Structures are given as C-alpha cells and as structure tokens.
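Colleague: In full-length UniProt numbering, the protein residues as written are 1 to 449.
Glycine included, every Cβ here is placed at the ideal spot set by N, Cα and C.
On a predicted model such as this, the values are computed, not experimentally measured, just so you know.
Could you have a look at this structure, given as structure tokens, before my questions?
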Ligand SMILES: *Cc1c(COP(=O)(O)O)cnc(C)c1O
C-alpha cells in the first residue's frame with residue numbers, strides 16, 4: 001500500500017514559534033507552571049484544544065468575501081439555513097455565537113426546577129448550564145470494556161431510570177462523539193434504541209452534535225450495514241432520531257467561531273428565538289457576522305467529505321500508534337484526541353503531586369508542546385470537608401485541530417513523549433499554590449516539589 005497523505009495542499013503558511021529549552025523553562029516558571037497561561041507564541045505545537053483552532057479552506061475564505069452583512073435576513077443567513085437543514089433535516093434553524101450559547105438557551109427553555117437530565121457524557125458547559133436551572137445532570141455510561149462504540153449509553157440502565165420516574169426527566173442528551181469519554185463514537189443502533197426509549201416515556205431527546213461528522217465516519221467504517229452509505233446520509237439518519245441538536249461550529253463546522261441550534265419542535269424554536277434575540281442578537285445572525293455564517297455553511301459541508309474524514313480519523317489513530325511505539329499508554333483512540341495515561345508515564349509521582357499536570361509541564365519544556373490536563377486538577381473531586389479525593393484517572397489530552405498539523409508534527413510530538421517517558425524519573429511532581437473556586441485549571445498556580 002502507498003503512504004497516506006493529506007487530501008489537500010497548502011496555499012497559505014504560518015510559521016510556528018520555535019523556542020529553546022532554556023526559554024521554555026523560564027516561560028513556564030513565569031506562568032506558575034500552568035501551561036494554559038502560556039502565550040500562544042511560546043508554544044511550538046499546540047494540542048490544547050481542537051475547538052476553533054481549525055484551518056479554513058480556500059472555499060471558506062472565498063465565501064466569506066461574498067458575505068452579506070445586512071442586519072436581518074441577509075443572504076448569508078439563508079445560505080447557512082439551507083445547508084444546516086440539508087445536513088440535519090431539522091426545519092427550524094438558529095445560528096449562535098458558539099455551542100454553549102445554544103446550550104444555555106435550550107436548557108433554560110426546556111427544563112424546569114427539580115427535574116433531572118441524562119446523558120452518555122455531559123460536556124462541562126452542558127452540565128453547568130443544566131445545574132443553573134436547578135436540574136441534576138447525570139451520566140449513564142456503558143460498561144463495555146472495549147467495543148467499537150464506547151461512547152454508547154447503557155440502554156438497560158436508562159430504561160430503568162425512566163421507568164422509575166419519567167415524569168421528572170427533562171431531557172436525554174446524546175453527546176456525539178462522546179468528547180469527555182475519549183472522543184468515542186456512538187452507534188446508530190444505540191441512538192435508535194435510546195430514541196425509542198425516550199418516545200415511549202415521552203422524554204425529549206437532544207443531540208450535542210459537535211463532532212457529528214467524525215461520528216458518521218466511525219459508523220460508516222464500523223457499524224454493520226453502513227459501508228455503502230455516505231457520511232451525509234449517515235448524519236441525516238442520525239439526526240432523524242432526535243428532537244433537535246446543538247452544534248459548535250468550532251469543531252466539525254471547521255470554523256474558528258460559531259454555533260448552531262436546530263430543532264423540529266416549533267414551540268421550542270419560538271421560545272428559543274425570544275431568548276436568542278435578547279442574548280445573541282436577531283435570529284438571522286445570532287451573534288455572528290455574515291462571513292461567519294458563510295464559513296460555517298461551507299465548513300459543515302467539507303466536514304462530511306469522505307476523503308477529509310478518512311484522513312482525519314486515520315491520522316488520529318496513527319498518532320495513537322506512534323505514541324504507543326514511544327512507550328506511552330493511551331486510551332482507545334477516538335475521533336479528535338488522544339488521551340495519554342500519566343500514572344503509567346510517570347509512575348514515581350503520586351496522585352497528590354498531579355502526574356498528568358507534571359506530564360503537560362514536562363512535554364512543554366522538552367518539546368514546546370502544549371496539552372490539556374484531564375486529571376484531578378480539571379475534575380477536582382472533593383469530599384464534604386473539601387479534601388481532595390484524587391478519584392479521576394490522570395490523563396493528558398492531545399487534541400488535534402482540523403487541517404492544521406501534518407503527520408510530521410505529530411511524529412515529533414510522539415518522539416518528545418518517548419524522551420520524557422524514558423527519562424521519567426527526572427520529572428518532578430507539583431502542588432497547588434493558589435486556586436480559584438471553579439474551572440480552576442485555567443488560572444491555577446502550581447509549584448514543583
Ligand atoms: C465544544 C463543545 C461544546 C461547546 O461548544 P463551544 O462552541 O465551545 O461553546 C459543547 N459540547 C461539546 C461536546 C463540545 O465539544
């Protein structure tokens with residue numbers, strides 16, 4: 001077989017910052033050992049997030065030049081609306097400035113106090129927005145050790161919960177792919193089964209569909225009966241099962257900003273529209289410029305291109321294999337990121353000295369790479385007395401922006417991990433110096449022990 005290659009060539013280039021180890025050590029000390037506080041120009045390969053960090057295509061740029069910036073009813077809105085309708089099949093479409101704006105309004109509109117909401121894995125902001133409505137947000141995982149669709153919901157458990165008290169359930173949210181759980185996919189079979197359970201109990205079923213295109217590719221390549229369908233056909237079949245969805249255009253919209261709310265419920269659409277006008281702006285722009293709406297319309301379409309998707313998913317899987325070859329233990333690769341096990345990489349660092357945080361610092365100093373801690377700083381479980389429980393596994397997430405880095409960049413990243421793991425005993429643990437009360441990982445201050 002021939003070598004795999006990117007299904008695009010590069011028309012505009014952006015130099016990446018190159019720094020010395022000495023400087024990186026100094027930069028890290030200046031930000032109190034919090035890589036999230038580094039300036040982007042101090043980072044050589046930035047794998048902190050795949051959100052809004054994507055490269056636009058020449059088609060997106062040219063559509064942006066032709067955008068209509070009228071206050072209301074702009075051509076660009078109708079281009080956007082037509083595209084989203086075609087991709088999702090939902091009749092009512094509203095743009096928003098990013099995914100979380102749609103969540104905030106949707107949950108306010110559909111939930112009421114003392115209800116509960118269930119999911120295969122609530123994204124951070126989803127959970128907090130739900131809690132703000134005094135509604136409990138509960139995850140129902142699968143227990144599958146290893147299968148092709150580890151993002152699925154355990155239908156038996158869900159059925160049990162709904163049978164017990166369906167009056168109390170405000171919504172079931174299916175996150176596709178399951179971002180907080182390794183970026184793992186959800187099967188159509190599971191979506192259909194959950195949809196049937198929700199219909200039976202008269203409970204709303206919404207999708208948090210930020211990575212719907214990546215999920216469609218997993219279905220095409222892994223689920224029986226889908227090999228001959230296009231990602232677009234699969235996406236439509238998926239969306240058909242839901243009452244509506246939110247999408248962050250910063251993920252599979254392949255954009256830098258933007259979001260989508262789509263629904264088949266006229267009453268929800270009308271209430272959503274009122275709130276949207278107040279918080280985001282007129283419902284034909286939703287906090288976005290006309291050019292953003294154009295870029296999203298093209299981006300959502302490009303995200304469903306088979307060659308693009310095949311390369312994207314295979315690149316992430318291949319990156320996982322390279323990390324393993326360099327001695328890293330990883331979670332089963334998902335669609336947008338690789339999660340490296342830091343307990344295994346740095347076995348001499350105890351949980352109360354934050355091995356995953358230490359690993360993010362070490363790969364920055366070694367190779368100028370920025371990654372995101374997915375351990376006990378981010379999740380921060382505490383008991384009633386405020387004592388840290390260190391209950392979450394210690395992972396480092398390496399998120400891959402769309403169309404930004406090539407395989408050579410990722411090969412370099414894997415090699416840097418190899419070197420850090422080989423010299424693991426030199427890496428020091430860290431303790432907390434100062435911490436804000438929530439979402440602490442963005443501003444926390446640490447020191448080496
Ligand atoms: C990013 C993301 C969101 C929020 O979208 P933003 O555009 O960042 O506000 C919600 N859910 C999931 C699964 C996401 O990945």
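According to the neighbour-count rule (16 or more other Cβ atoms, all chains shown, within 10 Å of its Cβ), is residue 441 buried or exposed?
Modeller: By the 10 Å Cβ count, residue 441 comes out buried.
Colleague: If you measure between the beta carbons of residue 99 and residue 336, is that distance less than 8 Å?
Modeller: Taking 8 Å as the Cβ cut-off, residue 99 and residue 336 do not qualify as a contacting pair.
Colleague: On the DSSP letters alone, give me the boundaries of the alpha helix (DSSP H) that residue 88 sits inside.
Modeller: Run containing residue 88: 75-88, per the alpha helix (DSSP H) assignment.
Colleague: Would you tell me roughly how many angstroms separate the C-alpha atoms of residue 466 and residue 264, rounded to the nearest one?
Modeller: Since the first residue of the chain shown is 1 and the last is 449, residue 466 is not available in this structure.
Colleague: Which class does residue 269 belong to by DSSP, given the choice of helix, strand or coil?
Modeller: If DSSP states are grouped into helix, strand and coil, residue 269 belongs with the helices.
Colleague: With C-beta atoms as the reference, is residue 191 less than 8 Å away from residue 216?
Modeller: No, the Cβ-Cβ distance between residue 191 and residue 216 is not below 8 Å.
Colleague: For residue 377 and residue 354, I'd like the C-alpha separation in whole angstroms.
Modeller: Rounded to the nearest angstrom, the two C-alpha atoms are 8 Å apart.
Colleague: Under 7 Å from any heavy atom of ligand 1, does the C-beta of residue 281 make it?
Modeller: No, ligand 1 has no heavy atom inside 7 Å of this Cβ.
Colleague: In whole angstroms, what is the alpha-carbon distance linking residue 201 and residue 165?
Modeller: Roughly 9 Å separates the two Cα atoms.
Colleague: Within 10 Å of its beta-carbon, does residue 54 have 16 or more other beta-carbons around it, so buried, or fewer, so exposed?
Modeller: Answer is buried; the Cβ neighbour count reaches 16.
Colleague: When we look at the beta-carbon of residue 408 and count the other beta-carbons within 10 Å, is it buried (16 or more) or exposed?
Modeller: Exposed.
Colleague: Using a Cβ-Cβ cut-off of 7 Å (strictly less than) and excluding sequence neighbours within five positions of residue 299, which residues of its own chain qualify?
Modeller: Contacts found: 60, 249, 253, 254, 255.
Colleague: Return yes when the C-beta of residue 210 is under 7 Å from any heavy atom of ligand 1, and no when it is not.
Modeller: Yes, since a heavy atom of ligand 1 falls inside the 7 Å radius drawn around the Cβ of residue 210.
Colleague: Is residue 123 close to ligand 1? I mean its beta-carbon at under 7 Å from any heavy atom of the ligand.
Modeller: Under cutoff, so the answer is yes.
Colleague: List the residues that DSSP assigns as beta-bridge partners of residue 95.
Modeller: In the DSSP output, where bridge partners are listed per residue, residue 95 has 260.
Colleague: Going residue by residue through the segment 363-403, where are the continuous beta strand (DSSP E) segments of at least 3 residues, counting only ones entirely within it?
Modeller: Those beta strand (DSSP E) runs which fall completely within the segment 363-403 and span 3+ residues are 372-374, 395-399.
Colleague: What would DSSP say about residue 248, mapped onto helix, strand or coil?
Modeller: In this structure, residue 248 counts as strand in the three-state DSSP scheme.
Colleague: Which same chain residues end up closer than 8 Å to residue 240 when comparing Cβ atoms and leaving out the 5 residues on each side of it in sequence?
Modeller: Hits under 8 Å: 89.
Colleague: Anyone know if the C-beta pair for residue 361 and residue 158 falls short of 8 Å?
Modeller: No, the Cβ-Cβ distance between residue 361 and residue 158 is not below 8 Å.
Colleague: Residue 23 lies in the alpha helix (DSSP H); which residues open and close that run?
Modeller: Counting along the chain, the alpha helix (DSSP H) containing residue 23 begins and ends at 21-30.
Colleague: What residue from 209, 142, 294, 129 has the CA that sits closest to residue 68's CA?
Modeller: With distances taken between Cα atoms, residue 68 lies closest to 294.
Colleague: Would you kindly work out how many angstroms separate the C-alpha atoms of residue 318 and residue 73, rounded to a whole number?
Modeller: When rounded, the distance between both Cα atoms is 45 Å.
Colleague: Which runs of the alpha helix (DSSP H) at least 4 residues long sit entirely within the segment 157-199? Give them in chain order.
Modeller: Complete alpha helix (DSSP H) runs here, min 4: none at all.
Colleague: Looking at the unbroken beta strand (DSSP E) that takes in residue 432, where does it start and where does it end?
Modeller: Taken as a continuous stretch (DSSP letters only), the beta strand (DSSP E) holding residue 432 covers 430-434.
Colleague: Hey, would you say residue 96 sits closer than 8 Å to residue 115, going by beta carbons?
Modeller: Contact flag unset, no.
Colleague: What's the C-alpha gap between residue 395 and residue 305?
Modeller: Rounded to whole angstroms, residue 395 to residue 305 spans 31 Å at the Cα level.
Colleague: With residue 363 and residue 356 assumed to form a contact (beta carbons below 8 Å), what rounded beta-carbon distance in angstroms separates them?
Modeller: No, residue 363 and residue 356 are not in contact; Cβ-Cβ is about 11 Å, not under 8 Å.
Colleague: Run the CB neighbour count on residue 312, radius 10 Å, all protein chains shown included, and call it buried at 16 or more, exposed below.
Modeller: Looking at its Cβ environment, which holds 16 or more other Cβ atoms inside 10 Å, residue 312 is buried.
Colleague: What's the C-alpha gap between residue 109 and residue 271?
Modeller: Roughly 7 Å between the two C-alpha positions.
Colleague: Between residue 450 and the rest of its own chain, which residues show a CB-CB distance below 8 Å, the 5 nearest in sequence each way excluded?
Modeller: This structure cannot settle anything about residue 450, because the visible part of the chain is limited to 1 through 449.
Colleague: Go ahead and label residue 41 buried or exposed: buried means 16 or more other beta carbons lie within 10 angstroms of its beta carbon, across all protein chains shown.
Modeller: That one is exposed.
Colleague: If you draw a straight line from the alpha carbon of residue 173 to that of residue 308, how long is it in whole angstroms?
Modeller: The alpha-carbon atoms of residue 173 and residue 308 are separated by roughly 27 Å.
Colleague: Where does residue 116 sit, in a helix, a strand or coil, going by DSSP?
Modeller: In the structure shown, residue 116 sits in a strand (DSSP, three-state: E or B).
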